[in-house]
Amino acid sequence: MKFSDDRREILVGIRRNGENAEFWVTDWGIGIDADDLNQIFSSYYRAENAVKTNIPGTGLGLSLVRHAINAHDGQINVTSELGHGSTFTIRLPLL
0 MKFSDDRREI LVGIRRNGEN AEFWVTDWGI GIDADDLNQI FSSYYRAENA VKTNIPGTGL
60 GLSLVRHAIN AHDGQINVTS ELGHGSTFTI RLPLL
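Numbering (numbering that gives the first Met the number 0), first residue to last: 0 to 94.
#1: For L94, which of helix, strand or coil comes out of DSSP?
#2: May I have a chain-ordered list of the beta strand (DSSP E) segments no shorter than 3 residues that lie completely inside the segment 8–42?
#3: Taking C-alpha atoms, which residue in W27, R90, D34, E18 lies nearest to V64?
#4: Can you check which of these residues, E80, L94, D72, I54, is closest to T25 by C-alpha distance?
#5: Helix or strand or just coil, what does DSSP make of N69?
#6: Going by the beta-carbon positions, is the gap between W27 and S3 smaller than 8 Å?
#7: For the beta strand (DSSP E) containing N76, name the first residue and the last one.
#8: Between the Cα of S85 and the Cα atoms of G30, I75, I13, which residue gives the shortest distance?
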């Protein structure tokens, strides 16, 4: 929500995808520049547009999420477009 402007809604979904559970979270916020996408899961990294818009944060949230997902043999991916939001997809193996 903190990266959203006027459209402050989030879509969350879950489905089975083969031997995995797949979760996704979509927002319509400020989005992430393509140059930042490969670094946003690094500790203390903050995307340039988040810094420029003075959105507070430490850059630890996504690195902690990735660490937890990796600990469960999962994967996390993101697609995003500046000014149009982001979708984070998490895949975890079913037991």
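For every residue, glycine included, the Cβ atom is placed at its ideal position computed from N, Cα and C.
Looking at the atomic coordinates:
#1: DSSP, reduced to helix, strand and coil, places L94 outside both helices and strands of the structure shown, so it counts as coil.
#2: 9–16, 19–26, all fully within the segment 8–42.
#3: V64 has its Cα closest to that of R90, out of W27, R90, D34, E18.
#4: Of the listed residues, the one whose Cα sits closest to T25 is E80.
#5: In the structure shown, N69 sits in a helix (DSSP, three-state: H, G or I).
#6: In contact: W27 and S3 (Cβ atoms closer than 8 Å).
#7: First-last of the beta strand (DSSP E) with N76: 74–80.
#8: Among G30, I75, I13, the Cα nearest to that of S85 is on G30.
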